[in-house]
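Order-wise, the sequence lines are chains A and B. Numbered by the UniProt record's numbering, the letters in the first sequence go through residues 1 to 276 in order. Numbered by the UniProt record's numbering, the letters in the second sequence go through residues 1 to 315 in order. For every residue, glycine included, the Cβ atom is placed at its ideal position computed from N, Cα and C. These numbers were taken from a predicted model, which means no experiment stands behind them.
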Amino acid sequence: MSERRLSPNLVIGAALVTLVCGVALLSVIWTPHPHAVINVAQKFAPASAEHWLGTDQLGRDLVSQLMVAAGNSMMVAMLAVGVGCVLGTSLGLLAAARGGWTEEAIMRVSDLGFAFPALLFAIMLAAAYGPSLSVVVVAIAFINIPIFARVSRAAANQVWHREYVYAARAAGMGRFAISRDHILPNIAAPVIVQATIEFAVAILTEAALSYLGLGAQPPAPSWGRMLSEAQTLMYLAPQLAIWPGLCIFVAVLGFGLLGDGLRDMTDPRLVRERRA
Amino acid sequence: MSYFIARRLAGFLLTLWAVSVVVFAVMNVLPGDPALTILGIDSTEEARAALRARLGLDQPVILRYLDWVAGALRGDFGESYSFGVPVSGLIAERLPLTFSLALSGMVVTVLLALVLGITAAARHGRPGDWGIMLLSQMGIAIPAFWLSMLLVLLFAVKLRWLPPGGFPGWGDPVAALRSLVLPTAALALVQSAVLARVTRSAALEVMRLDFVRTARATGFGSRHVLWRHVLPNALVPIVTIVGLQFAGLVTGTIVIENVFYLPGLGRLLFQSIANRDLITVQALVMLFAALVVTANFLVDIAYVVIDPRLREARG
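Below, the structure is given as structure tokens:
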């Protein structure tokens, strides 16, 4: 990357992510109206100065619901990707540090994770333990473990062959200390890129599961569940089917673009290949 | 090459076995008594015990697992709690619809992605390329179920050209096909977004190679060069992604069937979850996971068939 110019992906992605996270944070301290207050007299109100995007079938303010749903969605994605990232990266580091049959065993077990698409795994858990947001978090986290194990192990294996690692070993530093002090800081870039991309996937998966009735349960607002409620009212109030979907779209697009942009920035080889 | 295939086959069978253990473990280490769930709290203890015996729930877990696997290998997945008929019959009834949706989704996805990807590569760096890439970026971010709703809003609610959902059965083929148009479109538009990108970059790689320049210099038209010379040589990465997308197609079909109320396997899965019909859920989850594992295995084999160079490299 000879020029220090930021890619449009990165800039647009960062802007959208800031917007979504900002709204999610804001919803914790302020929404235009209390999001769960029912006012049937006001149902299906059109957009106005009081209700910026109108109200739903129970007269609840749409903007407030979308804001709180943003918070829920970010929380699920953060917990799920966070847990998957920490556990997966630890396993990847362990695999690279130990090598031999430990590495083989960890990698073969994570191959198994790729047999289950996240959605299918979540459906199975929800069927067995009942639908809830915690099931969604566990399912997405679980599916993320092998992804991060694979990414971090591949990156760590490269770092283990650097000279400063040889030097640290020669100086008598243990494998755990080397993993913590030398390997981890040097594999942070690919792990962060992957986390950003998985964040987008997690938002999409949570929305799909909530849409299918396996995620957020009423009255907790969720973009996916708002869409499934809107579907039954499509002839009556088509506008309700637009906004929650647009929110999912913006959030997923933002994290996806940010992930692409970060990857281009941290892996200059890719940029050159793409430009060639 | 046969060594390579044998190794892959062994890995494939091992993965299938491991998947069956995971599915069985998740579905059978349940809190609560399935007999109580099915019969309700008013049932007598004797009735529940009889049902447990009938379902084999009084057996040790290991025996139940072996029983389940032995049955599954014969195509017998047990009897559904809620429908009271064999699960294999339920699956056979609904399979044609799911298969039709998945197949039409796959075909439209591949056609659309190849046309868009090759067109974008041919217009590399020009507005046509940017436009297609922008659309594909948006397609990756759009949830399939929301796109379905937008399609229904436009084509069923506003224009009234197509039905908003449901399936009239194969008795009336025209009506049946009409009801599959929107689900197929929703599935394919989302899936082809990723594939179009891969096709574009694979085609761009190949277009730099000498033989393409030679073909152009020989006087072949650019369309001929693109479709006859560039595309066949760009197939390896494209097939990889088609295989990886199979998982997305499977989950996509589950979701889309529920959006459009299509009585296929995905809808059956959700009806069974609602009825706590765990035997059916277990069979369907295993079936879907097995499909994904099989697709991954076939992709591995396909590499060797498409690219003869890999035969020697992989031994």
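- chain A residues whose Cβ lies nearer than 7 Å to that of L226 (chain B): Within chain A, no residue comes near L226 (chain B); the closest Cβ sits about 19 Å away, beyond 7 Å.
- Partner residues on chain B for P238 (chain A), Cβ-Cβ distance less than 8 Å: Those are L153 and V157, listed as they occur along chain B.
- Query: For T251 (chain B) and chain A, any beta-carbon pair shorter than 8 Å?
  - Reply: Residue-level contact check: T251 (chain B) touches chain A, since one or more beta carbons of chain A fall below 8 Å from its beta carbon.
- Which runs of the alpha helix (DSSP H) fall wholly inside the region 20-106 of chain A and span at least 4 residues, in chain order? Those alpha helix (DSSP H) runs which fall completely within the region 20-106 of chain A and span 4+ residues are 62-98.
- Query: With respect to the alpha helix (DSSP H) encompassing V191 (chain A), which residues constitute its N-terminal and C-terminal limits?
  - Reply: L184 to Y211 is the span of the alpha helix (DSSP H), which, as asked, contains V191 (chain A).
- Message: Please report whether the beta-carbon of F142 (chain A) lies at a distance below 8 Å from any beta-carbon of chain B.
- Response: Not flagged as an interface residue toward chain B: F142 (chain A), since no C-beta distance is shorter than 8 Å.
- Query: So, is the C-beta of P117 (chain A) closer than 8 Å to a C-beta in chain B?
  - Reply: Nearest CB-CB separation between P117 (chain A) and chain B: below the 8 Å threshold.
- Query: Which residue from A:C247, A:I178, A:D264 and A:I197 puts its Cα closest to that of L94 (chain A)?
  - Reply: Relative to the Cα of L94 (chain A), the nearest Cα in the group A:C247, A:I178, A:D264 and A:I197 belongs to A:I178.
- Own chain, CB closer than 8 Å to M107 (chain A), minus 5 neighbours either side, in chain order: Here the set comprises A95, A149, R150 and R153.
- Please report how far the alpha carbon of V293 (chain B) lies from the alpha carbon of S80 (chain B), in whole angstroms. So the two alpha carbons sit approximately 25 Å from each other.
- CB contact below 8 Å: V136 (chain A) versus chain B: It does not; no Cβ of chain B falls within 8 Å.
- Item | Span separating the alpha-carbon of residue 358 (chain B) from that of E45 (chain B) | Residue coverage of chain B in this structure runs from 1 to 315, which leaves residue 358 (chain B) outside it and unanswerable.
- Taking T119 (chain B) as part of the alpha helix (DSSP H), name the residues at either end of that continuous run. That run of the alpha helix (DSSP H) goes V87 to A122.
- Classification of Q65 (chain A) by the beta-carbon crowding that lies within 10 angstroms, buried from 16 upward: With 16 or more Cβ atoms within 10 Å of its Cβ, Q65 (chain A) is classed as buried.
- Message: Less than 7 Å between C-beta atoms, sequence neighbours within five positions excluded: which residues of the same chain meet that for A80 (chain A)?
- Response: Excluding residues up to 5 positions away in sequence, V137, I140, A141, N144 and A202 lie with their Cβ nearer than 7 Å to the Cβ of A80 (chain A) in the same chain.
- For M265 (chain A), which residues from the same chain have a beta carbon less than 6 Å from its beta carbon, with the 5 sequence-adjacent residues on both sides left out? Taking M265 (chain A) as the centre and dropping the five residues before and after it, the same chain places no C-beta closer than 6 Å to its C-beta.
- Using 10 angstroms around the beta-carbon of R267 (chain B), count the other beta-carbons present and answer buried if the total reaches 16, otherwise exposed. R267 (chain B) comes out buried.
- Query: Does P143 (chain B) get closer than 8 Å to chain A when you measure Cβ to Cβ?
  - Reply: Yes - at least one Cβ of chain A is within 8 Å of the one on P143 (chain B).
- Item | Within 8 Å of chain A by C-beta, residues of the region 228-261 of chain B in sequence order | So the close ones are A247, G248, V250, T251, I254, V255, N258 and V259.
- Item | Assigned exposure category for A276 (chain A) - 16 Cβ within 10 Å defines buried | The predicted model places A276 (chain A) with a pLDDT of 37, which falls under 50 and marks its position as unreliable, so this point remains unresolved.
- Query: Which partner residues of E79 (chain B) appear in the DSSP bridge assignment?
  - Reply: Beta-bridge pairing links E79 (chain B) to B:P86.
- Task: Verify whether the separation of the beta carbon atoms of H229 (chain B) and F211 (chain B) is less than 8 Å.
- Result: In this structure, F211 (chain B) lies closer than 8 Å to H229 (chain B) by Cβ.
- Using the C-alpha atoms, what's the distance from G243 (chain B) back to L298 (chain B)? Roughly 8 Å between the two C-alpha positions.
- Item | chain A contacts from the region 9-29 of chain B (Cβ-Cβ distance under 9 Å) | Going along the region 9-29 of chain B in chain order, one finds G11, L14, T15, L16, A18, V19, V22, V23, V26, M27, N28 and V29 with a Cβ nearer than 9 Å to chain A.
- Item | First and last residue of the uninterrupted alpha helix (DSSP H) at S222 (chain A) | Segment: none, S222 (chain A) is in no alpha helix (DSSP H) and carries neither H nor E.
- Message: Under 8 Å: do the region 189-203 of chain B and the region 232-249 of chain B share three or more Cβ pairs, one atom per stretch?
- Response: Segments in contact, yes.
- Chain-order list of residues whose beta-carbon lies under 8 Å from that of V102 (chain A) (same chain, five-residue window excluded): The displayed chain sequence assigns Thr, not Val, to residue 102 (chain A). So the list reads L94 and A95, once near-sequence residues are dropped.
- Could you check where the alpha helix (DSSP H) with Q245 (chain B) kicks off and where it finishes? That run of the alpha helix (DSSP H) goes L235 to V259.
- Can you round the beta-carbon distance between G254 (chain A) and V17 (chain A) to whole angstroms, since I take them to be within the 8 Å contact cut? G254 (chain A) to V17 (chain A), Cβ: 4 Å. Contact.
- Buried versus exposed, by CB contacts within 10 Å (16 or more), M138 (chain B): Counting Cβ neighbours within 10 Å, M138 (chain B) comes out exposed, since fewer than 16 surround it.
- Message: Beta-carbon within less than 6 Å of M67 (chain A)'s beta-carbon, same chain only, minus the 5 sequence neighbours each way: which residues are those?
- Response: Closer than 6 Å at Cβ, skipping near neighbours: V23, S27 and T31.
- Item | Three-way DSSP call (helix, strand, coil) for Q239 (chain A) in this model | Three-state DSSP puts Q239 (chain A) in a helix.
- Supposed close pair V22 (chain B), L125 (chain A) - CB separation, criterion 8 Å: The Cβ separation is near 11 Å, so there is no contact.
- Task: Just the C-alpha distance for R126 (chain B) and S201 (chain B), rounded to the nearest angstrom, thanks.
- Result: Taking the CA atoms as reference points, R126 (chain B) sits about 15 Å from S201 (chain B).
- Message: Helix, strand or coil for R275 (chain A)? Go by DSSP, reduced to three states.
- Response: Low per-residue confidence applies at R275 (chain A): pLDDT is 44, beneath 50, and the placement is therefore not dependable, though the value from the model is reported in the following sentence. Here R275 (chain A) sits in helix by DSSP.
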